[in-house]
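Chemist: First, the structure itself, so that you have it in front of you.
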Amino acid sequence: MAKSDEMMQKVGSWAFIVGLIIAVLAGVIIHNVDLNNWLILALGVLGLIVGFLNVTAKESTPFLVAAIALVVSATSFNAVLEKLPASTVVTVVQTVLGNIAVFVAPAAVLVALRAIYALASSE
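Mapping the sequence shown onto the numbering used here, position 50 (from 1) lands on 50, and the numbers just tick up by one.
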């Protein structure tokens, strides 16, 4: 059983790494086009895998705080970037941040639902 848990942890770790790489590369390469459905689906599925396999009950609160901080700061930073003169760098940074948010959001929803269920079932 421990071998299976170790394997699942590795799958979750690789899903996180692959998700980040896809989010960044897609932002750099496809920065002038909206995310297509396949990219959104891939990032979403990888996010769910990360949320399901990587985040334990003990790590739920720190993960959710980090996810909230990421989404809020990415949104705020995007507002700052919009005030800058239009350039490729600004567009790439905006797209990369958006892609990472698309990747993290499904994991955050899954972890939040698990945390709510744990709170509701423990009382």
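Backbone N, C-alpha and C define an ideal beta-carbon position, used for all residues, glycine too.
Keep in mind it's a predicted model, so treat the numbers as computed, not measured.
1. Among Ala26, Gly98, Val89, Ala57, which residue has its Cα nearest to the Cα of Ser73?
2. Give me the Cα-Cα distance between Phe77 and Ala67, rounded to the nearest whole angstrom.
3. Suppose only complete runs of 4+ residues qualify. What are the alpha helix (DSSP H) ranges in the stretch 19-92, listed by chain order?
4. Less than 7 Å separating the beta-carbons of Ser60 and Val111?
5. Quick check: the stretch 106-120 against the stretch 48-56, are there 3 or more CB pairs under 8 Å?
6. Let's test the definition: count the other Cβ atoms within 10 Å of the Cβ of Ala26 and tell me whether it reaches 16, buried, or not, exposed.
7. Could you tell me the distance, in whole angstroms, from the CA atom of Lys3 to the CA atom of Gly19?
Modeler: Taking the definition as stated:
1. Gly98
2. 15 Å
3. 37-53, 60-83
4. yes
5. yes
6. buried
7. 24 Å
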